[in-house]
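So for the first sequence, the working numbering puts the first residue at 2; every next one is plus one. Note that CB positions come from ideal geometry on N, CA and C, so glycine has one too.
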Amino acid sequence: MQPFYITTTLPYVNADPHVGFALELVQADIIARYRELAGDEVFFNTGTDEHGVKIYRKALEAGKSPQAYVNEYAEKFRNLKNVLGLSDDIHFIRTTDERHKKAAQEFWRRCQQNGFIDEKPRLYKIRYCVGCELEKTDSELVDGKCPVHPNLELEITEEENYFFKFSALEPKLKDYYARNPDFVVPDFRFNEIKAFVDRGLEDFSTSRLKEKMPWGVPVPGDEKHVMYVWFDALVSYISTLGWPDDMAQFEKFWGTIETPNAIQMAGKDQIRQQAAMWQTMLMAAGLPPSKQIVIHGFVQSGGQKMSKSLGNVIDPVAIVNEYGTDALRFYLARHIHPFEDSDFTMEKFKEAYNADLANGIGNLVSRIMKMSADYIKDTNIRMGTNDTNGYEYPKEYARAFDLYNLQAAAEYITQGIARIDRRIQETEPFKLVKRDAAAGQKIIAELVRELSFVAQLLLPIIPETALEIEQLVRENKMPEKPLFPRK
RNA sequence: GUCGGGGUAGCUCAAUUGGCUAGAGCGUAGCACUCAUAAGGCUAAGGUUGUGAGUUCAAUCCUCACCCCCGACACCA
């Protein structure tokens, strides 16, 4: 049994879960289930990122304490487990969990002990736009002015911040990239981050003054500061494993410096944080880097970014309510590109639902199981040898998973389904069985076995349906209602 | 602006190192069938492969120019 670790990024809990994060969760869940079925021991992590100024402000606006505010959201995100049909043994870490906060502080201490976080804060220039009531960074400014309020002068103040010595780890990071050509998937994302690092790394600030923004993990040894939110959030990937207390579990799943083992899923806006900053943080703390970062694209709607004002927001919960969890899972696997942006509209979804699920899988189950129920009474004929365990995945299917190409894996299945449909048409067992019962039964039995195999391939992607098919096969019944009613 | 990726059937995408009539799925139309969710099968229509030039016996693929689209270019959790 190989240990397998996979985590999503932790969504920031200042809004309801959107379909983009549902995509990341479902992708990770499909991979986790596949590895489990392939015999690995799986640790699958997700959670919520709950600190920082945005949450602090929203909580105050809502007249709630930050903790009460994030508690509500954490519940919504935790509920995705049911909505999306995620694995039962999924781990869910919250960055406001006590053990996480302790881990983040220990992580900070190690970085500091190793000389990668300054002992004393540095002075940090802050540009503040009075019009926006926000701090502005260089890249946000046009000609040194706020593009929204170019007539207003920026207020420049100095603030003390702790800095992380990103620059000092540049050679080590480059070296890790060079030795691990598949570290970031897909390759064009890897090229982007390599180009970024090649331009030279600058140290970044990693704390905030508590008096301005208290909602964060306290910096060890300096009560005037809290950690900048992303610093503590990244540590969640290992605090979920019980680091630093449970080193056995940590090393088992996160791996060692010689053999890193952690797979991380993330959106394309996360490359820098996950593939560069977090990796150097791990190096700074003397811990193993991640093994691979898998970057997916964004889900758009009608060719545009989803936004409330455009009214094109796809709500995963609403889809599940109308079509069911597996319908959404299958669509995300089959029709959302594993790495590029994809368009998601209800029209496309419905079309795909009817084609893949109602006319495809659902109908195939009905037609085969009807014949089996009517013409095969002796289940021994049907099942043949008992080969339910120890089957091997087809190479093409397994390879698709190795490359994180769930679209290819799902397509492999839909092609298999088309092949079986064609075979029924060509061999016409429903006619044959009336002329020659034995010959007809033989073909029907083979079809049932093929269906059973399809169910096995479906198991990681749409587990609920796959189990239902297996049960129908065991009981030799056709579904009482269509598995996926045509819409 | 610099660098990178891309523009192929109504839609989403494929086409090993340039080489037979540029493919698939969905959608559309027709035909025969009936085990099935009027589902499934077969057939068909549909493309001057962004534009213009060039290299070559031969270009979706290589070169140049141009037009569009997308991404990266650090403090966006």
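Once DSSP output is grouped into helix, strand and coil, what is the label at residue i?
| i | result |
| --- | --- |
| Thr49 | strand |
| Asn162 | strand |
| His297 | strand |
| Tyr129 | strand |
| Met370 | helix |
| His489 | It is not possible to answer for residue 489, since the shown part of the chain is limited to 2 through 488. |
| Ile470 | helix |
| Gly361 | helix |
| Phe454 | helix |
| Tyr177 | helix |
| Val400 | Per the sequence shown, residue 400 should be read as Arg rather than Val. In this structure, Arg400 counts as helix in the three-state DSSP scheme. |
| Pro486 | coil |
| Met479 | coil |
| Ala63 | coil |
| Phe184 | coil |
| Gln271 | helix |
| Val434 | helix |
| His336 | helix |
| Thr346 | coil |
| Met282 | helix |
| Glu154 | coil |
| Phe5 | strand |
| Glu447 | helix |
For the putative contact between residue i and residue j, defined by C-beta atoms under 8 Å, what is the C-beta separation to the nearest angstrom?
| i | j | result |
| --- | --- | --- |
| Phe93 | Thr138 | That belief does not hold up - the Cβ atoms of Phe93 and Thr138 are roughly 32 Å apart, past 8 Å. |
| Phe254 | Thr207 | The Cβ separation is near 26 Å, so there is no contact. |
| Asp50 | Tyr13 | 5 Å |
| Gln271 | His338 | Contact doesn't hold; Cβ gap of about 17 Å is too wide. |
Quick one: Cα of residue i to Cα of residue j, how far?
| i | j | result |
| --- | --- | --- |
| Leu288 | Phe78 | 29 Å |
| Lys292 | Met266 | 11 Å |
| Gln442 | Ile421 | 16 Å |
| Lys213 | Tyr57 | 11 Å |
| Phe108 | Ile462 | 36 Å |
| Ser240 | Phe44 | 13 Å |
| Arg436 | Asp375 | 15 Å |
| Arg423 | Asp90 | 39 Å |
| Glu469 | Thr326 | 14 Å |
| Lys482 | Lys488 | 14 Å |
| Ala334 | Ile7 | 17 Å |
| Phe232 | Ala105 | 8 Å |
| Tyr74 | His336 | 29 Å |
| Gly116 | Glu156 | 33 Å |
| Glu476 | Ile445 | 15 Å |
| Ser302 | Ala359 | 24 Å |
| Ile425 | Arg100 | 57 Å |
Does the ligand COA have a heavy atom nearer than 7 Å to the CB of residue i?
| i | result |
| --- | --- |
| Leu242 | Absence of the ligand COA is noted for the structure shown, with no ligands found whatsoever. |
With a threshold of 6 Å on Cβ separation, who are the neighbours of residue i within its own chain once the five nearest residues in sequence on each side are excluded?
| i | result |
| --- | --- |
| Val20 | Val300, Ile315, Pro317 |
| Gln416 | none |
| Tyr35 | Phe402, Pro461 |
| Asn390 | With a pLDDT of 47 at Asn390, under the threshold of 50, the modelled position of this residue cannot be trusted; read the value that follows with caution. Once the five neighbours on either side are set aside, Asn390 has no close Cβ partner at all. |
| Ala276 | Val185, Ile194, Ile294 |
| Pro187 | Phe340 |
| Tyr394 | none |
Less than 7 Å between C-beta atoms, sequence neighbours within five positions excluded: which residues of the same chain meet that for residue i?
| i | result |
| --- | --- |
| Glu471 | Ser453, Ala456 |
| Val449 | Ile369, Ser373, Arg383, Val474 |
| Gly256 | Asn262, Ala263, Pro289, Lys292 |
| Glu397 | Tyr413 |
| Glu341 | Gly298 |
| Lys175 | Val198 |
| Ala33 | Ile7, Val43, Phe45, Ser88 |
In its own chain, which residues sit with a C-beta less than 8 Å from the C-beta of residue i, not counting the 5 before and 5 after it?
| i | result |
| --- | --- |
| Asn387 | Bear in mind that the predicted position of Asn387 carries a pLDDT of just 47, short of 50, making it too unreliable to give a figure here. |
Could you pull out every unbroken beta strand (DSSP E) segment of at least 3 residues lying fully inside the segment 87-116, listed in chain order? 92-95
Taking only runs that begin and end inside the segment 183-220, name each unbroken alpha helix (DSSP H) of 4 or more residues, in chain order. 188-199
Continuous alpha helix (DSSP H) assignments of at least 4 residues falling wholly in the segment 230-258: 230-240, 248-254
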